[in-house]
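Below: one structure, written as structure tokens.
Here you go:
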């Protein structure tokens with residue numbers, strides 16, 4: 001019986017002893033932690049909404065739009081008219097990969113049905129437009145050459161249109177992108193966002209399983225009324241919105257495209273974009289080039305498998321991803337972390353009031369190298385570079401891409417992880433496991 005299936009995403013105390021594990025299994029050990037990092041439902045605000053920063057929109061329409069997208073994205077996408085959209089929350093998470101299997105754009109896809117006879121059905125694709133310029137300075141050695149700039153998403157799509165009956169155009173000026181979350185979300189939305197089961201690959205990949213065929217269709221009129229703060233008893237909302245249940249993690253809530261100038265609810269519930277970023281980071285959801293550097297990140301390193309972003313083959317860049325899933329090993333994961341400076345620790349130990357306020361941490365920029373040192377005095381090889389810091393907030397919360405071996409050592413109290421701040425002082429990193437990650441596995445017989 002494979003130890004990988006029993007140890008993945010568990011706490012170190014529940015893992016088998018090292019002698020019971022192969023080298024392959026040791027690299028896919030627990031991503032758990034001493035205390036829960038994620039938002040607690042009891043302390044979560046009833047309702048918050050915020051404009052999502054650094055995102056843009058492209059419409060892909062035409063009679064062959066679904067066939068076209070199915071050849072270049074990492075998930076199977078139904079036609080815009082398919083009834084499955086009424087059950088699965090109305091959208092999908094996916095990505096465009098390079099031919100080498102690295103992520104170019106992480107995307108959210110919304111089905112779009114015509115509002116007038118002149119329009120054609122299709123999809124609206126949400127993405128980070130900064131990726132086109134960020135690709136010119138990618139940290140990947142392979143992509144450091146100016147011969148490999150990241151194209152804009154429209155020019156990239158047009159490479160593959162050929163004779164397809166598809167039209168691609170920017171629609172960012174027509175819509176605002178909003179995130180809506182909180183404890184008062186309709187229960188049907190919460191149920192759709194939570195996986196029914198998990199599927200483990202021998203490489204360490206983990207995929208959510210949704211029993212959508214067994215669900216009742218989502219009451220979209222009632223949910224949209226909640227989204228817009230209107231009374232569902234008075235009939236359909238006057239404002240036409242395009243929205244989806246964000247399934248990347250339970251608690252992410254609803255993602256909505258609203259006509260320019262329209263807010264999803266009263267001004268009392270409107271939060272800043274920074275508050276949305278903090279909410280996303282606490283849930284461990286990477287997004288955009290700060291967390292998923294273009295042409296530098298592999299799908300499973302960026303947790304795309306766990307967030308439902310890779311469910312099929314036969315797309316551009318799929319060869320390396322599929323090979324890693326079946327015969328390779330997932331060696332890195334994006335995890336939420338907290339940051340604490342040395343001055344905070346010393347002040348906290350001396351008993352100074354409010355000295356441990358994480359907001360006093362001056363967080364380094366994304367892609368800052370994470371460093372490591374052993375805490376024990378026994379002779380050990382120098383730790384390999386454990387990873388890098390990704391997006392962060394002034395509150396001392398961040399995401400980090402970490403090697404699983406370094407993560408396990410840090411959780412076990414054997415290794416210290418830190419980055420160097422702007423003042424050249426070390427800032428300690430403490431990884432935390434989101435509570436939506438699977439904590440148990442099914443026992444499966446695998447032949448080594």
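Residue numbers (our numbering): 1 to 448.
Just so you know, even glycine gets a beta-carbon here, dropped at the ideal spot from N, CA and C.
Predicted, not measured: the structure shown is a model, and the values here were computed from it.
- Under the three-state reduction of DSSP, residue 58 is assigned to strand.
- In terms of CA proximity to residue 275, 51 leads the group 46, 51 and 43.
- DSSP, read as helix, strand or coil, puts residue 430 in strand.
- For the pair residue 48 and residue 189, the Cα-to-Cα distance works out to about 15 angstroms.
- According to the DSSP secondary-structure assignment, residue 387 is paired through a beta bridge with 370 and 402.
- In the DSSP assignment, residue 68 is bridged to no other residue.
- According to DSSP, residue 152 shares a beta bridge with no other residue.
- Note on geometry: alpha-carbon atoms of residue 327 and residue 205 lie some 11 angstroms from one another.
- Counted as a single uninterrupted DSSP element, the alpha helix (DSSP H) harbouring residue 223 occupies residues 220–228.
- Where residue 167 is concerned, there is no enclosing alpha helix (DSSP H), although the beta strand (DSSP E) around it starts and stops at 167–170.
- Where residue 199 is concerned, there is no enclosing alpha helix (DSSP H), although the beta strand (DSSP E) around it starts and stops at 197–200.
- If you ignore the 5 residues before and after residue 398, its C-beta comes within less than 7 angstroms of the C-beta of 281, 337, 339, 363, 389, 390, 391 and 392, all in its own chain and listed in chain order.
- CA-to-CA, the gap between residue 166 and residue 415 works out to about 53 angstroms.
- The beta-carbon separation of residue 124 and residue 59, rounded to 5 angstroms, stays under the 8 angstroms limit for a contact.
- Here the alpha carbons of residue 404 and residue 332 stand approximately 5 angstroms from one another.
- The three-state reading of DSSP puts residue 436 in coil, since its state is none of H, G, I, E or B.
- Inter-residue distance for residue 211 and residue 252 is about 20 angstroms (C-alpha atoms, whole angstroms).
- Residue 280 carries a helical assignment under DSSP once its states are collapsed to helix, strand and coil.
- Excluding sequence positions up to five before and after residue 160, its CB lies within less than 8 angstroms of the CB of 68, 71, 72 and 316, all in the same chain and listed in chain order.
- Residue state for residue 190 is assigned as helix, using DSSP reduced to three classes.
- In the DSSP assignment, residue 298 falls outside any beta strand (DSSP E) and carries neither an H nor an E.
- In this structure, the CA atom of residue 259 is about 8 angstroms from the CA atom of residue 240.
- Cβ atoms of residue 218 and residue 77 stay farther apart than 8 angstroms, at about 18 angstroms.
- As a beta-bridge residue in DSSP terms, residue 338 pairs with 397 and 430.
- Within its own chain, the residues whose Cβ lies closer than 6 angstroms to the Cβ of residue 105, once the five positions on either side in sequence are excluded, are 96, 127, 131 and 153, listed in chain order.
- The beta carbon of residue 92 sits closer than 6 angstroms to the beta carbons of 75 and 109 from its chain, once the five residues preceding and following it are set aside; these are given in chain order.
- The continuous stretches of beta strand (DSSP E) do not include residue 116, and DSSP gives it neither H nor E.
- Taking 8 angstroms as the cut-off, the Cβ atoms of residue 406 and residue 383 count as close.
- By the C-beta density criterion, residue 187 is exposed, having fewer than 16 other C-beta atoms within 10 angstroms.
- DSSP lists 107 as the bridge partner or partners of residue 94.
- In the same chain as residue 115, and ignoring 5 residues on each side of it, the C-beta atoms closer than 8 angstroms to its own belong to 240, in chain order.
- For residue 207, the uninterrupted beta strand (DSSP E) run begins and ends at 206–209, by DSSP.
- Distances from the CA of residue 437 to each of 411, 305 and 269 were compared; the closest alpha carbon is that of 305.
- Taking the Cα positions, residue 174 is about 17 angstroms away from residue 118.
- Residue 375 is classed as exposed because its beta carbon has fewer than 16 other beta carbons within 10 Å across all chains shown.
- Collapsing the DSSP output to three states places residue 375 in coil.
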